[in-house]
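See below for the structure under consideration.
Numbering (the numbering used here), first residue to last: 60 to 191.
The structure is reproduced here in structure tokens:
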């Protein structure tokens, strides 16, 4: 198979996408750190409120799961950013780098889909429990 090199204009698009994905990675990591801090605060509140503060424990657990999902998303998005940047920085393997990036984005979307389905399921359970 012959190698393909993207044009200068296409490389500019890949570079812009890589920058945007790196920014998204940092934002996801910052959000994950904030959620961890809020979960720690919820655990602290649970400690001081005792059994009456059980809802804080549930919030803390949910927050930690969310932080983990955000961190996994950040990891895969960062990998995609590196691969898109490699399209711009290297020669002779543009298609390979682009396909690696597409696979990493696909993994990110699968994680996001799973998180959305789990969130919907937990929301449905919470609504049913609340209506009882």
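Even for Gly, the Cβ is constructed at its ideal location relative to N, Cα and C.
Values in this document were obtained by computation on a predicted structure and should not be read as measured data.
Assignment of residue 172 by DSSP, reduced to helix, strand and coil, places it in the helix class. DSSP places residue 103 in the uninterrupted alpha helix (DSSP H) bounded by 67-108. Within its own chain, the residues whose Cβ lies closer than 7 Å to the Cβ of residue 171, once the five positions on either side in sequence are excluded, are 132, listed in chain order. Between the alpha carbons of residue 125 and residue 180 lies a distance of about 15 Å. For residue 122, the enclosing alpha helix (DSSP H) stretches over residues 113-148. Distances from the alpha-carbon of residue 66 to those of 80, 99, 93, 150 put 150 closest.
The beta carbons of residue 84 and residue 140 sit about 6 Å from each other, so the pair counts as a contact at 8 Å. At a Cβ-Cβ threshold of 8 Å, residue 143 and residue 80 count as neighbours. Beyond the five residues adjoining it in sequence on each side, residue 77 comes within less than 6 Å, by CB distance, of 140, 143, 144 in the same chain, given in chain order. Here residue 152 carries a coil assignment [DSSP, helix/strand/coil].
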